[in-house]
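Protein sequence lines correspond, in order, to chains A and B. The numbering used here applies: residue 1 is where the first sequence begins, and numbers increase by one. The numbering used here applies: residue 1 is where the second sequence begins, and numbers increase by one.
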Amino acid sequence: MSVFDGLKFRRVYSPIHNLDPRIKFIYVCAIFVIAIMFGELLPLIILFTFQIPFVLLAGVKREWIRSMRGAAFLATIIFLTNFVFAYLGARGIGQSLENAVAMTLRFIVLIESFSIFFLTTSPDHLGLALEQTHVPYEFTFAFTTAVRFVPVLAEEAQTIMDAQKARGLELERGNFLKRIRNYIPILIPLIVSAIRRSLELAEAMESRAWGATKKRTNLYVLKMHKGDFILIAITIGILAVAIYIRLYLPIPSINQLLANIN
Amino acid sequence: MIEVEDVYFTYPNGIEALKGISLTIKNGEFVAIMGQNGAGKTTLVKHFNGLLKPTKGKVSIDGVETTKVSVATLARKVGFVFQNPDHQLFSETVEDEIAFALKNFGFKETVIKKRVSWALNLLGLTKYRKTSPFMLSGGERKRVALASVLAWDPKILILDEPTIGQDYQQKEKLRQFILQLKAQRKTIIIVTHDVEFVAECNPRVILMREGKIVADGEASKILTTPEVLNQAFIVPPQIAQIFFQLSDLGFPRNIIDIYEAREILLKAIRRKTM
Ligand SMILES: Nc1ncnc2c1ncn2[C@@H]1O[C@H](COP(=O)(O)OP(=O)(O)OP(=O)(O)O)[C@@H](O)[C@H]1O
Ligand SMILES: [Mg+2]
């Protein structure tokens, strides 16, 4: 479940948590775009380091490290494939290496920024943001409910596993096919109880007048604060700098820099 | 025999659910574990079949430490029926559901057939043999879960909240049935909030609160000691409440059994009317 942990929101208060989720989302998208714009190692390293103050400010270092560790497996695969193909494409070892590291780092930057977003944005807050950008409430509700039920489902999976182990199920027994089949007694109760729960939820909601009026009111209304404007400024700033560099400046590779020093 | 020696258990999220539990449950004993929500009852019984291993301390079943063997091995000896039957039902028919564990333990086909019929009959489920377990009512699903564990005839039986969602008749059947298992020298451990049920069964009661055992002894003693019950936030059974209120007339305080109560009251009435 370690991959989920990296996306699991924990209620704490920090300047980052208090930011408007819409602005945060725009920021994450900007980082996303910049990461795609550059294939060179140097700017990606800068981009990667640029996120770290956010993590520290939000106080989610532990969770963030865990999500990075969760991404390590995929990152390794990306690194190896890039390296092997670049090398086979008859580039030098140094250059292939740099290229592979850059591609891996690009992936990590994407994961990094999304994980910061999800770690510091409560599902309710996110739902509110969607609603106030005029996304229909049905979608917003479905979205926030889904997000909120992920940890519940993970816990339920654990209980089901316990219940079946108590009836003598051994997950690690048998050959590859048998092992996959071992998971049937876990998946079926999990799916059935998820469906059962969703039907019950629907009934409970309807009996509390869900969808009775077109226009819902909210207890909380999102407002922009100083921090939000600062983040907008930062976003526009780095986007402008990135575009300028991309268009007008040559980016040296690390290999060249090293060669120059010698 | 179940031996628990100074067990502490902390969940990965840091919640310390057991704080120094020690107890021994002998073969053939009938034990009810009680206590408020979150007291650690389920956590404790999950140690008995190795689903959870103590963070500190030791749990042994018949002298074998639970850390040394797999859950599947222990399960052969320790049957565990979970609180919520929906966490285990998955087969197409009730019959297959009951056969599942028997197949896991490697019983022979002929034996499986016999055991399945036996368990179906025992819990009044024979007419649902070919029905999908998902089509049954909540109480019936609970009985299927129970049948699926009883089928392999474990020496120790753990029931987490067995009376929830059962109508009175089924509860009474369950009680008869537990007494029958007790007569066969099986060890039975129930986790329950149902004081009336416990009062009728009169088992050994272990009272828990915030991860610790606060009382351990005869039901008729524990369920009639207000100080102890208050600690665990339990209301005494109705018969005990009546006798509390009659105690200033010289009636005994430690009565939880209907027949005993009847005898005492009859005697008093006769004395008055004669
Ligand atoms: N899987 C889990 N992860 C983390 N904490 C848990 C888990 N299961 C239980 N707990 C916590 O451990 C404590 C004891 O829980 P437990 O389920 O043993 O209580 P219980 O006595 O069975 O309660 P109930 O009467 O509600 O069934 C509670 O504080 C609970 O929040
Ligand atoms: Mg419980």
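In this text, a Cβ means the ideal position worked out from N, Cα and C, and glycines have one as well.
Comparing C-alpha positions only, which one of the options sits nearest to residue i?
i: B:T24; options: B:V7, B:G38 and B:A17; result: B:V7
i: A:H17; options: A:L177, A:A142, A:E203 and A:F118; result: A:F118
i: B:D153; options: B:G124, B:D216, B:R175 and B:R185; result: B:R185
i: B:K77; options: B:S137, B:T110 and B:N27; result: B:N27
i: A:P53; options: A:G174, A:F32 and A:E112; result: A:E112
i: A:T235; options: A:L47, A:N175, A:G39 and A:L169; result: A:L47
i: A:A242; options: A:L231, A:G127, A:M37 and A:T81; result: A:M37
i: B:R175; options: B:N202, B:F251, B:V149 and B:I239; result: B:N202
i: B:Y11; options: B:L51, B:A32, B:Q36 and B:S22; result: B:L51
i: A:T159; options: A:K178, A:S193 and A:T145; result: A:S193
i: B:E218; options: B:I206, B:P252 and B:T131; result: B:I206
i: B:V81; options: A:N82, A:R167, A:Q51 and A:F32; result: A:R167
i: B:V214; options: B:K58, B:E5, B:G20 and B:L265; result: B:G20
i: B:N37; options: B:V31, B:V59 and B:D194; result: B:D194
i: B:K114; options: B:G124, B:I164, B:N104 and B:I98; result: B:I98
i: B:A145; options: B:T42, B:A268, B:T192 and B:L120; result: B:L120
i: B:I258; options: B:Q238, B:L249, B:G250 and B:K267; result: B:Q238
i: A:V135; options: A:S122, A:L97, A:G89 and A:K215; result: A:K215
i: B:L136; options: B:S247, B:L89, B:Y168 and B:L122; result: B:L89
i: B:P133; options: B:K103, B:T163 and B:D86; result: B:D86
i: B:V94; options: B:V31, B:T131 and B:G106; result: B:T131
i: A:N255; options: A:T121, A:S122, A:F25 and A:G92; result: A:G92
i: B:G250; options: B:S60, B:E260, B:A268 and B:K108; result: B:A268
i: A:E156; options: A:T145, A:F83, A:G127 and A:I191; result: A:I191
Any heavy atom of ligand 1 closer than 7 Å to the CB of residue i?
i: B:E5; result: no
i: B:G165; result: no
i: B:A17; result: yes
i: A:N82; result: no
i: B:G20; result: no
i: A:Y87; result: no
i: B:N27; result: no
If we ignore side chains and look at the alpha-carbon of each, how far apart do residue i and residue j end up?
i: A:A209; j: B:R143; result: 36 Å
i: A:F149; j: A:S198; result: 10 Å
i: A:T49; j: A:T133; result: 31 Å
i: B:L44; j: B:L18; result: 7 Å
i: A:L257; j: A:L74; result: 29 Å
i: B:V69; j: A:Y87; result: 50 Å
i: A:K61; j: A:V109; result: 15 Å
i: A:P250; j: A:Y244; result: 11 Å
i: A:K226; j: A:I23; result: 12 Å
i: B:Q83; j: B:F100; result: 19 Å
i: B:K171; j: A:N182; result: 34 Å
i: A:A71; j: A:I188; result: 28 Å
i: A:N260; j: A:L222; result: 52 Å
i: B:F197; j: A:R69; result: 50 Å
i: A:M1; j: A:S122; result: Low local confidence applies: a pLDDT of 41 at A:M1 is under 50, so the model's placement there is unreliable, with the coordinate-based value given in what follows. Distance between the alpha carbons of A:M1 and A:S122 is about 19 Å.
i: B:A240; j: B:R262; result: 13 Å
i: B:N49; j: B:A75; result: 6 Å
i: B:A151; j: B:V116; result: 6 Å
i: B:A199; j: B:F243; result: 14 Å
i: B:R141; j: B:V228; result: 35 Å
Give every residue of the same chain whose Cβ lies closer than 8 Å to the Cβ of residue i, excluding the five residues on either side of it in the sequence, and list them in chain order.
i: A:V101; result: L41 and F79
i: B:A39; result: M208, R209, E210, G211 and A232
i: B:D342; result: Residue 342 of chain B lies beyond the range of chain B shown here (1 to 274); nothing can be said about it.
i: A:L44; result: A35, F38, A102, L105, R106 and V109
i: B:V71; result: N49, G50 and L51
Output needed for residue i: all residues of its chain with C-beta closer than 6 Å, excluding positions within five of it in sequence on either side, in chain order.
i: A:P252; result: none
i: A:H125; result: P21
i: B:G79; result: V149, P154 and L157
i: A:F229; result: none
For residue i, which residues from the same chain have a beta carbon less than 7 Å from its beta carbon, with the 5 sequence-adjacent residues on both sides left out?
i: A:V12; result: G59
i: B:P54; result: V7, Y8, F9 and H47
i: B:L181; result: L157 and I188
i: A:F114; result: V28
i: A:Q164; result: P185 and I186
i: B:T126; result: L120
i: A:Q51; result: E112, S113 and I116
Compute every distance between the C-beta of residue i and the non-hydrogen atoms of ligand 2, then say whether any falls below 7 Å.
i: A:T159; result: no
i: A:D124; result: no
i: B:Q88; result: no
i: B:D194; result: no
i: B:Q83; result: yes
Is the closest heavy atom of ligand 4 to the C-beta of residue i under 7 Å?
i: B:K41; result: This structure simply doesn't include ligand 4; it includes ligand 1 and ligand 2 instead.
Next item on the list: May I have a chain-ordered list of the beta strand (DSSP E) segments no shorter than 3 residues that lie completely inside the stretch 74-114 of chain B?
Entry: 78-81
Item checked: Sequence ranges, alpha helix (DSSP H) only - wholly within the stretch 94-175 of chain A, length at least 4 -> Qualifying alpha helix (DSSP H) stretches, in chain order: 123-132 and 137-165.
Check: What residue ranges within the stretch 172-250 of chain B form continuous alpha helix (DSSP H) runs of no fewer than 4 residues, ordered along the chain?
Finding: 195-201, 219-222, 226-231 and 238-246
Item checked: Length at least 3, wholly inside the stretch 127-170 of chain B: the beta strand (DSSP E) runs in chain order -> Runs found: 156-160.
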